Amino acid sequence: MRTIEWHEDKEAVKLIDQTLLPREYKLVECKRVDELIDAIKSLKVRGAPALGAAGAFGVVLACINANSKEAVESEVRELKIARPTAVNLSYGVDRVFNAALRGKTTAEMKLYALEEANRIAEEDIAVNKKIGEYGSELLKDGDVVLTHCNAGRLACVGWGTALGVIRTAIGKGKRIEVIACETRPLNQGSRLTTWELLHDNIPVTLITDSMSAAVMRAGRVNKVIVGADRVVKEGVLNKIGTYMHALVANAHNVPFYVAAPLSSFDMESSYKEIEIEERNPEELIYFGSEQIAPLDVNVYNPAFDFTPFELIEAVITENGVVHPVT
Ligand code: MRU
Numbered sequence: 001m002r003t004i005e006w007h008e009d010k011e012a013v014k015l016i017d018q019t020l021l022p023r024e025y026k027l028v029e030c031k032r033v034d035e036l037i038d039a040i041k042s043l044k045v046r047g048a049p050a051l052g053a054a055g056a057f058g059v060v061l062a063c064i065n066a067n068s069k070e071a072v073e074s075e076v077r078e079l080k081i082a083r084p085t086a087v088n089l090s091y092g093v094d095r096v097f098n099a100a101l102r103g104k105t106t107a108e109m110k111l112y113a114l115e116e117a118n119r120i121a122e123e124d125i126a127v128n129k130k131i132g133e134y135g136s137e138l139l140k141d142g143d144v145v146l147t148h149c150n151a152g153r154l155a156c157v158g159w160g161t162a163l164g165v166i167r168t169a170i171g172k173g174k175r176i177e178v179i180a181c182e183t184r185p186l187n188q189g190s191r192l193t194t195w196e197l198l199h200d201n202i203p204v205t206l207i208t209d210s211m212s213a214a215v216m217r218a219g220r221v222n223k224v225i226v227g228a229d230r231v232v233k234e235g236v237l238n239k240i241g242t243y244m245h246a247l248v249a250n251a252h253n254v255p256f257y258v259a260a261p262l263s264s265f266d267m268e269s270s271y272k273e274i275e276i277e278e279r280n281p282e283e284l285i286y287f288g289s290e291q292i293a294p295l296d297v298n299v300y301n302p303a304f305d306f307t308p309f310e311l312i313e314a315v316i317t318e319n320g321v322v323h324p325v326t
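First residue of the sequence shown: 1, per this note's numbering; consecutive thereafter.
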């Protein structure tokens, strides 16, 4: 099963509920845009490229449920802002909505939208594989790669960006091990990255985020590869903690790579203009249902941070490996 796909018989978006992993593998269906927005906000579906596909299929839902072009447009507007930082969501929504506009009726709009949304989903896998081809050339047999968050198949439609590079390298016969940072507060690293790597029999060791300096100082990491939520003109926005790992990698001469499709690029914008999503304080006050901080403590919970190109050895894209000039 892909992370996200269209179910034509049910006219629904089908996705893996990532909030339940690793303890439960469950598929959910969204038949309306508000259900999909809820799935996006609650991180049932997450990761920049998967959000691009979610936005794309969401436009199809809007065409099915709304009874006029204007009503489709209003649903699409809500969908586009469900999460602000990853550029792929608005990329997917805009691309499919523009295709849908070729239709004269909402039924025709749906057909054009579905064709384009499926194209985006197929492209995502193909693009990931190209990223994997280019990126795998950077890895040597025996490398240990540290990664943060989940930039694997669960963050995309079906292969992965950062983890796609590792998958491709292993497919070429290289022995690669992964160190996965747990990625507080929502633990995409411990819950999702380890789950999908173990599923593929890829050796992985879990560490807390605060251990990355110690493991790099001990010489246990050869490369760092992370994904991106948005590549802007001065660097990369990615899951909170990425900047810290980049600083640590640079301090220990460990090459720091970002693997990202061109659909995550927004080179017109500065990181200063991009909204960094701040999430619910409860993510820090509770661990699951367990209270781990005073209820009235002041909480700061940004979901992403910015890493300047100075700290990035290269960005791996479907068109090749780009070494930033700083
Ligand atoms: O908040 P999330 O889980 O949607 O965060 C997005 C991410 O998974 C990452 O930041 C990832 O590294 C980039 S998406 C391939």
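Here a beta-carbon is modelled for each residue, glycine too, at the ideal position from N, C-alpha and C.
These figures come from a predicted structure and were not determined experimentally.
Cβ of residue i within 8 angstroms of any heavy atom in ligand 1?
i, result
"R46", "yes"
"P49", "yes"
"I304", "Sequence inspection shows Phe at residue 304; the Ile mentioned does not correspond to that position. Indeed, a heavy atom of ligand 1 lies less than 8 angstroms from the Cβ."
"Q188", "yes"
"D141", "no"
"D229", "yes"
"L111", "no"
"K80", "no"
"T194", "no"
"C149", "yes"
"N238", "yes"
"T317", "no"
"T161", "yes"
"A121", "no"
"D221", "Residue identity check: residue 221 is Val in the sequence provided, not Asp. It does not: the Cβ of V221 is nowhere closer than 8 angstroms to a heavy atom of ligand 1."
"A155", "yes"
"T242", "yes"
Among the options, which residue has its Cα nearest to the Cα of residue i?
i, options, result
"P255", "Q291, N201, T183 and H323", "H323"
"A162", "P84, A259 and R153", "A259"
"T317", "S264, V178 and G189", "S264"
"I81", "G55, C63, K10 and V60", "G55"
"K14", "P22, L21, L20 and E5", "E5"
"S175", "I166, E182 and D200", "In the sequence on display, residue 175 carries Arg and not Ser. Checked all of I166, E182 and D200; the closest Cα to R175 is I166."
"T307", "L43, V248 and D141", "V248"
"N298", "E290, S269 and E282", "E282"
"G164", "I240, T106, G227 and E273", "G227"
"H199", "K10, R279 and L21", "L21"
"V111", "L61, G152 and T85", "Sequence inspection shows Leu at residue 111; the Val mentioned does not correspond to that position. Per the Cα distances, L61."
"E313", "I225, K41, A113 and L206", "I225"
"R230", "E268, G171, G219 and L206", "E268"
"D17", "A303, D9, S68 and E35", "E35"
"L311", "H245, Y91 and V178", "H245"
"N319", "V127, Y25 and D305", "V127"
"V215", "K44, V315, L101 and T147", "T147"
Starting from residue i, follow the alpha helix (DSSP H) in both directions and report where the run begins and ends.
i, result
"V76", "K69 to K80"
"F57", "A48 to N65"
"L197", "T194 to H199"
"L36", "V33 to K41"
Name the two residues that bound the continuous beta strand (DSSP E) containing residue i.
i, result
"D305", "F304 to P308"
"E313", "Segment: none, E313 is in no beta strand (DSSP E) and carries neither H nor E."
"I176", "Taken as a continuous stretch (DSSP letters only), I176 belongs to no beta strand (DSSP E), as it is neither H nor E."
"H323", "Per DSSP, H323 belongs to no beta strand (DSSP E) and is neither H nor E."
"E29", "L27 to C30"
"K14", "A12 to I16"
With which residues is residue i paired in a DSSP beta bridge?
i, result
"L186", "DSSP lists no partner for L186."
"E290", "F287"
"A86", "A86 is not bridged to any residue."
"L295", "DSSP, once it has assigned bridges, lists no residue as partnering L295."
"E5", "K14"
Residue ranges of each beta strand (DSSP E) run of no fewer than 3 residues wholly in the segment 203-283, ordered along the chain?
Counting whole runs of 3 or more residues, the segment 203-283 contains the beta strand (DSSP E) stretches 204-207, 223-226, 230-232, 235-239 and 256-259.
Taking the runs of the beta strand (DSSP E) that are 3 residues or longer, which of them lie wholly in the segment 90-173?
Here the runs fully enclosed are 144-147.
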